[in-house]
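Peer 1: Sequences listed follow chains A and B, in order.
Residue numbers are given in the working numbering: position 167 of the first sequence equals residue 167, and the series is strictly consecutive.
With positions in the second sequence counted from 1, the corresponding number in the working numbering is that position plus 238.
There are 2 protein chains.
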Amino acid sequence: MPEVEAGDPLPSLIVESVRAAGIEVVAGDVFVVAQKVVSKAEGRIVPLAGIEPSELARDWAARYDKDPRMVEVVLKEAQRIVRMERGVLIAETRHGFICANAGVDASNVAADVVVLLPEDADRSAREIQATLEREFSTTVAVIVSDTFGRPWREGIVNVAIGIAGIAPLIDYRGQPDSHGRDLKVTVIAIADELASAAELVMRKTAGLPVVIIRGFDYTTREASARELIRPPEMDLFR
Amino acid sequence: MPEVEAGDPLPSLIVESVRAAGIEVVAGDVFVVAQKVVSKAEGRIVPLAGIEPSELARDWAARYDKDPRMVEVVLKEAQRIVRMERGVLIAETRHGFICANAGVDASNVAADVVVLLPEDADRSAREIQATLEREFSTTVAVIVSDTFGRPWREGIVNVAIGIAGIAPLIDYRGQPDSHGRDLKVTVIAIADELASAAELVMRKTAGLPVVIIRGFDYTTREASARELIRPPEMDLFR
Numbered sequence: 001m002p003e004v005e006a007g008d009p010l011p012s013l014i015v016e017s018v019r020a021a022g023i024e025v026v027a028g029d030v031f032v033v034a035q036k037v038v039s040k041a042e043g044r045i046v047p048l049a050g051i052e053p054s055e056l057a058r059d060w061a062a063r064y065d066k067d068p069r070m071v072e073v074v075l076k077e078a079q080r081i082v083r084m085e086r087g088v089l090i091a092e093t094r095h096g097f098i099c100a101n102a103g104v105d106a107s108n109v110a111a112d113v114v115v116l117l118p119e120d121a122d123r124s125a126r127e128i129q130a131t132l133e134r135e136f137s138t139t140v141a142v143i144v145s146d147t148f149g150r151p152w153r154e155g156i157v158n159v160a161i162g163i164a165g166i167a168p169l170i171d172y173r174g175q176p177d178s179h180g181r182d183l184k185v186t187v188i189a190i191a192d193e194l195a196s197a198a199e200l201v202m203r204k205t206a207g208l209p210v211v212i213i214r215g216f217d218y219t220t221r222e223a224s225a226r227e228l229i230r231p232p233e234m235d236l237f238r
Numbered sequence: 239m240p241e242v243e244a245g246d247p248l249p250s251l252i253v254e255s256v257r258a259a260g261i262e263v264v265a266g267d268v269f270v271v272a273q274k275v276v277s278k279a280e281g282r283i284v285p286l287a288g289i290e291p292s293e294l295a296r297d298w299a300a301r302y303d304k305d306p307r308m309v310e311v312v313l314k315e316a317q318r319i320v321r322m323e324r325g326v327l328i329a330e331t332r333h334g335f336i337c338a339n340a341g342v343d344a345s346n347v348a349a350d351v352v353v354l355l356p357e358d359a360d361r362s363a364r365e366i367q368a369t370l371e372r373e374f375s376t377t378v379a380v381i382v383s384d385t386f387g388r389p390w391r392e393g394i395v396n397v398a399i400g401i402a403g404i405a406p407l408i409d410y411r412g413q414p415d416s417h418g419r420d421l422k423v424t425v426i427a428i429a430d431e432l433a434s435a436a437e438l439v440m441r442k443t444a445g446l447p448v449v450i451i452r453g454f455d456y457t458t459r460e461a462s463a464r465e466l467i468r469p470p471e472m473d474l475f476r
């Protein structure tokens, strides 16, 4: 993939890259696309020069040696602060995702700009899907992915933040297991597992923002990454 | 794989299955092994018949329509209760993992028994690795995996609970990104991503407890799944 700039037609760039690589797209292929290129193409880039940090942002930044303008952007992207301790700022975004810095990221972009999450990553995924399906005359699924941290475990993993054409959860409840017993609470977040699998190929510094997963059997339907967000009333770790 | 019973030599069964499938093991292959077969082979099976539930276990079970003996086993496996609300019991195991029911599981086993996590899944992984390396005369890595839930997101995903021969985290900190900027907080939990990738092939009901991942570039070294546990003093969601 070439370097993606604001306003670039990302779906077409993906089609061109697939063709240039000589890849034949097959029905059911799952395209995992890194959030960073989606956000860049959609112009979700904020120059820090124009940002006026609030007092909260200035205080926090001073305490933990951060850029107060970056902190201000994070606070603006947050709909709720979940934790703000020891230099770590975990926030709920307007989409409902809970992640570090409300998904605002400064890596792999020019200095003095930060990248926001796509406004609606499901829509981004659907747009990519529509172009891929038209150009390759077959059905595909698209997952827009980002790397999120998680409580209790070290390191970040890739998860799905936008989805098109694939049921993100497989619900095994009610199906008999190998001993004929009901599988009681087995709902697998396959969209997140597919995103994680793709990250192993993307690697952070490899500049491979699109990965195709082939041969995975899934349910094709209209879907949303919102299905992966636990409803607040069911969440014990708000 | 045949059905695994207590006392079965799991490493040898894996070797036999690989040979029977005509698979040639290649240097660097990562074997992901489902916790369930590891626990079964190691006899980590508890018949519920002999369990005397405490009052706490009886009360909780009555409130949420659960088997009080199963709840008692969970409480015994826990070293700390993290949440106990709305029928959900999240506990820290003696290994330091935080997961539902302290990792005690009743699916895919005979009725009236439950399965505990391996006593030391790193040791289990090392034993499997040693046998594979001896029999196939090459170096491999082994990950023992289990499906864990996570706060904020629906569904469970496969993660690493035991490790041999692979660094579980890749630390990109200090490496320049594609714009020459330092990647500040990018530590990727590749062992968890490898486990998640493997789950897509295992599928809960498919009876495929061992998956081989080939062609992934990683650092070979002695390792432990404890590296994936966030130190309590760094964890904002205890």
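Each residue gets a CB set at the ideal place from its N, CA and C atoms; glycine is no exception.
1. Would you say W152(A) lies against chain B (beta-carbon separation less than 7 Å)?
2. Using beta carbons (cut-off 7 Å, strictly below), is A435(B) in contact with chain A?
3. Report yes if the CB atom of N158(A) is closer than 7 Å to the CB atom of S196(A), and no otherwise.
4. With respect to the alpha helix (DSSP H) encompassing R257(B), which residues constitute its N-terminal and C-terminal limits?
5. What does F31(A) touch in chain B if you count any residue whose Cβ is under 9 Å from its own?
6. Since I believe I451(B) is in contact with V268(B) (beta carbons under 8 Å), could you give me their beta-carbon distance rounded to a whole number of angstroms?
7. Please go through the same chain and pick out, in chain order, the residues whose beta-carbon is closer than 7 Å to the beta-carbon of A272(B), but skip the five residues on each side of it.
8. Can you check the stretch 285–330 of chain B for any alpha helix (DSSP H) of at least 4 residues that lies completely inside it and give the ranges in chain order?
9. Taking all protein chains shown into account, do 16 or more other C-beta atoms lie within 10 angstroms of the C-beta of A398(B), making it buried, or fewer, making it exposed?
10. When the cut-off is 7 Å and only beta carbons count, does D192(A) lie next to chain B?
11. Measure the C-alpha to C-alpha separation of P9(A) and R19(A) and round it to an integer number of angstroms.
12. Quick one: give me the first and last residue of the beta strand (DSSP E) that E371(B) is part of.
13. May I ask you to verify whether the stretch 62–81 of chain A touches the stretch 99–107 of chain A, counting CB pairs closer than 8 Å and requiring at least 3?
14. Just the chain A side, please: which residues come within less than 8 Å of E465(B) by C-beta, in chain order?
15. Below 8 Å on the Cβ atoms is my guess for I166(A) versus I188(A); work out the distance and round it to an integer in Å.
16. According to DSSP, simplified to helix, strand and coil, what is E460(B)?
17. With distance defined between alpha-carbon atoms, name the residue in V449(B), K304(B), G453(B) nearest to L294(B).
18. CB-CB under 7 Å to E92(A), same chain, minus the five flanking residues each way: which ones, in chain order?
19. Using 8 Å for Cβ pairs, my map puts L286(B) next to V351(B). What's the rounded Cβ distance?
20. At the level of alpha carbons, what is the spacing between V276(B) and P356(B)?
21. Which residue's Cα is closest to the Cα of T186(A): A244(B), D343(B), P470(B)?
Peer 2: This is what the structure gives:
1. Working through the first sequence from its first residue, we reach residue 152(A) at position 152. Chain B, which has a Cβ nearer than 7 Å to the Cβ of W152(A), makes this yes.
2. Residue mapping note: residue 435(B) aligns to position 197 of the second sequence, counting from 1. Chain A, which has a Cβ nearer than 7 Å to the Cβ of A435(B), makes this yes.
3. Locating residue 158(A) in the first sequence gives position 158, where the first residue counts as 1. Locating residue 196(A) in the first sequence gives position 196, where the first residue counts as 1. Taking 7 Å as the Cβ cut-off, N158(A) and S196(A) qualify as a contacting pair.
4. Position 19 of the second sequence, counting from 1, holds the residue named residue 257(B). Looking at the DSSP string, the run of the alpha helix (DSSP H) that includes R257(B) is 248–258.
5. For this step, residue 31(A) is matched to residue 31 along the first sequence. Here the premise fails: no neighbours, minimum Cβ distance about 15 Å.
6. Along the second sequence, one-based indexing puts residue 268(B) at 30. Along the second sequence, one-based indexing puts residue 451(B) at 213. Beta-carbon to beta-carbon, V268(B) and I451(B) are separated by about 4 Å, close enough to satisfy the 8 Å threshold.
7. Within the second sequence, the letter at position 34 stands for residue 272(B). So the qualifying residues of the chain are S383, M440, P447.
8. 293–301, 306–315
9. Stepping through the second sequence from its first residue, residue 398(B) is reached at position 160. Label assigned to A398(B): buried.
10. For this step, residue 192(A) is matched to residue 192 along the first sequence. So yes, D192(A) belongs to the interface.
11. Taking the first sequence and counting its residues from 1, one reaches residue 9(A) at position 9. Taking the first sequence and counting its residues from 1, one reaches residue 19(A) at position 19. Near 16 Å, if we compare the C-alpha coordinates of R19(A) and P9(A).
12. Residue mapping note: residue 371(B) aligns to position 133 of the second sequence, counting from 1. Taken as a continuous stretch (DSSP letters only), E371(B) belongs to no beta strand (DSSP E), being part of the alpha helix (DSSP H) at 359–374.
13. yes
14. Numbered from 1 along the second sequence, position 227 holds the residue referred to as residue 465(B). Contact annotation for E465(B) against chain A: E154 [CB-CB distance below 8 Å, chain order].
15. Position 166 of the first sequence holds residue 166(A). Position 188 of the first sequence holds residue 188(A). 13 Å between Cβ atoms; not a contact.
16. Residue 460(B) sits at position 222 when you count from the first residue of the second sequence. DSSP places E460(B) in coil when its eight states are reduced to three.
17. On the second sequence, residue 294(B) is found 56 positions in, with the first residue counted as 1. Answer by Cα proximity: K304(B).
18. In the first sequence, counting from the first residue as 1, residue 92(A) sits at position 92. The answer, listed in chain order, is A78, Q79, R80, V82, I98.
19. As a working mapping, residue 286(B) is identified with position 48 in the second sequence. As a working mapping, residue 351(B) is identified with position 113 in the second sequence. Contact flag correct, Cβ pair sits at about 7 Å.
20. The residue labelled residue 276(B) in the question sits at position 38 within the second sequence. The residue labelled residue 356(B) in the question sits at position 118 within the second sequence. If I take the Cα positions, the gap works out to 7 Å.
21. Along the first sequence, read from residue 1 onward, the residue named residue 186(A) stands at position 186. Nearest C-alpha to T186(A): D343(B).
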